[in-house]
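Sequential numbering of the sequence shown, starting at 81, is according to my numbering.
Cβ coordinates follow ideal geometry from the N, Cα and C atoms, glycine included.
Here the structure comes first, spelled out in structure tokens, and everything after it is commentary.
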Amino acid sequence: MKLNWKKLICVCMSAWLGVSSGGEALAASEKSDGTNMQKVLNYYAKKQYKKAGKFNKKLSEDANEACVSKMTAPMKKAYLKIVKKYKVNAVGDKSLWGYYLTDIDNDKKTDLLIKIATCEADAKLYVYQFKSGKAKRIGSAGAFHTEYFAYPKHKGVVAYGGMMGEEWMRVVTVEGGQVIEKEIGSRDVGMEGEWFGLRCALNNHITYNSDYEPKLLLDELE
81 MKLNWKKLIC VCMSAWLGVS SGGEALAASE KSDGTNMQKV LNYYAKKQYK KAGKFNKKLS
141 EDANEACVSK MTAPMKKAYL KIVKKYKVNA VGDKSLWGYY LTDIDNDKKT DLLIKIATCE
201 ADAKLYVYQF KSGKAKRIGS AGAFHTEYFA YPKHKGVVAY GGMMGEEWMR VVTVEGGQVI
261 EKEIGSRDVG MEGEWFGLRC ALNNHITYNS DYEPKLLLDE LE
């Protein structure tokens, strides 16, 4: 069987970074995760990685996004329409590499983030918000070798990534109706270095079987 190498790369990247794509989360509230994540980011920005790691261990493995359970039927329908526009395994064309449901700007409404790419080099994160009964795309951010995590008080999402021994953290947020990226910190961990392994991952709603074939999870939108 012919392997889908771009998906294999995505799976391996998650493993290198210590990212989970689902599974059991530690029992922790959204509020306590936010408090600990803020300390992680503050210490990481100051290059105090051991202190950052101490608070990272206190985070849930996966984010608890309470806003998802409050989505209305029209919102779910609008977001599902966007997600279904893309194939999950489109060879030589733009593919859906996962989607996220979170409140990115603390307006108490769930937003849709989708990761689209033909390969890691051109990966983009597109941000949609529900306005006037429709899913409206308001902007995008680079998603090169990057996964996404809960940001304190829903004032964005943490973009954590790495490649060739370099590791970085950024925040992607919405300000004034525009998508904005801000640097948190970065470092060189070396080819054999130890990745930080950020916790509190947002659900990317995609899984892979033993042959690295992807399956999109749509239960939260249907």
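Mind checking which residues open and close the alpha helix (DSSP H) that includes V168?
-> V168 -> no alpha helix (DSSP H), and no H or E assigned at all.
In terms of residue numbering, what span does the beta strand (DSSP E) encompassing D46 cover?
-> In the structure as shown, the chain starts at 81 and stops at 302, and residue 46 therefore has no counterpart that could be examined.
Give a yes or no on whether the C-beta atoms belonging to V251 and G236 are separated by under 8 angstroms.
-> Result yes, Cβ atoms of V251 and G236 sit closer than 8 angstroms.
Could you have a look at V120 and say whether DSSP puts it in helix, strand or coil?
-> When secondary structure is reduced to three states using DSSP, V120 falls in the helix class.
Could you tell me the distance, in whole angstroms, from the CA atom of A230 to the CA atom of V171?
-> Straight through space, the alpha carbons of V171 and A230 are spaced by roughly 31 angstroms.
Just how far apart, CA to CA, sit K211 and R217?
-> Going from the Cα of K211 to the Cα of R217 covers about 10 angstroms.
V259, DSSP secondary structure in three states | For V259, the secondary structure class from DSSP, reduced to helix, strand or coil, is strand.
Proximal residues to V207 (C-beta, below 6 angstroms), its chain only, five neighbours per side dropped = L193, I218, G219 and V259
Taking F224 as the reference, give the member of P232, T198, G213 and K233 with the closest Cα.
-> Check the Cα spacing between F224 and each of P232, T198, G213 and K233: the tightest is with T198.
Determine the DSSP secondary structure at E145, reduced to helix, strand or coil.
-> coil
Evaluate N289 with the Cβ neighbour count: other Cβ atoms within 10 Å of its Cβ, from every protein chain shown; 16 or more gives buried, anything less gives exposed.
-> exposed
State the Cα-Cα distance for the pair V120 and K156, rounded to the nearest angstrom.
-> 32 angstroms
In three-state DSSP terms, what is T152?
-> coil
Taking only the alpha-carbon atoms, compute the straight-line gap between V238 and K134 and give it to the nearest angstrom.
-> In a straight line, the C-alpha of V238 is about 18 angstroms away from that of K134.
Sequence-distant residues of its chain with Cβ nearer than 6 angstroms to Y159 (five each side left out) | L192, A215 and L301, listed in sequence order.
Helix, strand or coil: which one does DSSP assign to D113?
-> Three-state DSSP puts D113 in a helix.
Kindly identify the DSSP beta-bridge partner or partners of G241.
-> T226 and W248
How long is the line joining the alpha carbons of K295 and G178, rounded to whole angstroms?
-> 10 angstroms
Can you have a look at E104 and say buried or exposed, based on whether 16 or more other CB atoms are within 10 angstroms of its CB?
-> Any reading at E104 needs caution, since the residue's pLDDT is 38, under 50, leaving its predicted position unreliable; the model's value is listed next. Exposed.
Assign M151 to one of two classes, buried (16 or more other C-beta atoms within 10 Å of its C-beta) or exposed (fewer than that).
-> Buried, by the Cβ-count rule.
Helix, strand or coil at A281 according to DSSP, with G and I counted as helix = strand
Would a C-beta distance cut-off of 8 angstroms place L181 and T190 closer than the cut-off?
-> In this structure, T190 lies closer than 8 angstroms to L181 by Cβ.
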